[in-house]
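Residue numbers (this note's numbering): 50 to 348.
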């Protein structure tokens, strides 16, 4: 088992935003992540996070799980009915132990894609044929440093995970936050936007979805459509534009080195508080207001 203890530094955060801080540290730490919450009306849902320096990870892709551990060792295993995806992640977590203050923030950060449904249900999914777009179905990372922003109290914490005998590098992170250069690069779209689906094919899918709703097979369908746009430069500028035009309570930007994912969501899908799991209403179930008490009453 890999045992870690936390080392924590608390800073006054009233002059630091998550975006500004991320721009100061991202060039120093590759494969970083930014997770923002703009739901500032209460004390529970107002924390944003930056993850720096991956030290371990677990991913699942094409029916295999790939585990990378802090000492550089790796482990692979087929994922099937006898060894499910949840068991793979639990086996990975059993190898990691984190003790100390605020260790609850030192978990795995990452994503589960739509294609991962194949590991939970008997649903066949077409594999990605474009190697440039072939990201893992699931990918979760353990970061050495977690920067936590509490906008309710105007505080920020740097949490570092150290094994016995490891030298702290938390001062380098703090120095970058205070005076690091803000990296700012250009972004340019190249050529036209394309889609694998034609307009008529997408309309046909919509008609099919309406028919399923009218028959009662489902009560809601989200018919996504992929668009492809070549570009050059810094796609973080695209994320900044997204958070400006769609300032949802939850926003994320993950740099995995070979690819990035980013987006925004108006609500949580599920959350775990202690030993209780909560599944939240889907979009459209309850109208959202700007009053926290009224939102809770409506839900």
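Every residue, glycine too, gets a C-beta built ideally from N, C-alpha and C.
Pairwise C-alpha distance: residue j and residue i
i           : j           : result
residue 315 : residue 295 : 9 Å
residue 158 : residue 255 : 34 Å
residue 284 : residue 264 : 42 Å
residue 198 : residue 262 : 42 Å
residue 148 : residue 212 : 10 Å
residue 244 : residue 76  : 32 Å
residue 137 : residue 317 : 24 Å
residue 342 : residue 320 : 19 Å
residue 313 : residue 246 : 24 Å
Chain C contact for residue i (CB, 9 Å cutoff)
i          : result
residue 60 : Note that chain C does not occur in the displayed structure, where there is just one protein chain.
Sequence-distant residues of its chain with Cβ nearer than 6 Å to residue i (five each side left out)
i           : result
residue 393 : In the structure displayed, the chain extends from 50 to 348; residue 393 sits before or after that span and is not available.
residue 145 : 51
residue 150 : 55 and 57
For residue i, three-class secondary structure by DSSP
i           : result
residue 106 : strand
residue 155 : coil
residue 249 : helix
residue 194 : strand
residue 55  : strand
residue 101 : strand
residue 85  : strand
residue 77  : coil
residue 68  : helix
residue 147 : strand
residue 323 : coil
residue 138 : helix
residue 112 : coil
residue 291 : helix
residue 173 : coil
residue 282 : strand
residue 344 : helix
Option nearest residue i by Cα separation, candidates the options
i           : options              : result
residue 130 : 84, 139, 171 and 229 : 171
residue 114 : 187, 196 and 98      : 187
residue 56  : 344, 209 and 341     : 209
residue 304 : 64, 324 and 72       : 72
residue 322 : 167, 153, 60 and 339 : 153
residue 223 : 101, 120 and 183     : 101
Neighbourhood of residue i by C-beta, 7 Å cutoff - its chain only, sequence neighbours within 5 removed
i           : result
residue 278 : 238 and 242
residue 67  : 83, 85, 97, 99 and 198
residue 118 : 51, 105 and 144
Close-in-space but distant-in-sequence residues of the same chain around residue i (CB under 8 Å, 5 per side omitted)
i           : result
residue 142 : 157
residue 165 : 109, 134, 186 and 187
residue 103 : 80, 190, 191, 192 and 193
residue 253 : none
Any non-hydrogen atom of the ligand ADP closer than 8 Å to residue i Cβ
i           : result
residue 115 : This structure lacks the ligand ADP; in fact it carries no ligand of any kind.
ask   = Quick one: complete beta strand (DSSP E) runs, 3+ long, within the stretch 175-244?
value = Annotation note: the stretch 175-244 contains the following uninterrupted beta strand (DSSP E) runs of length 3 or greater, listed N- to C-terminal: 187-199, 204-211 and 236-243.
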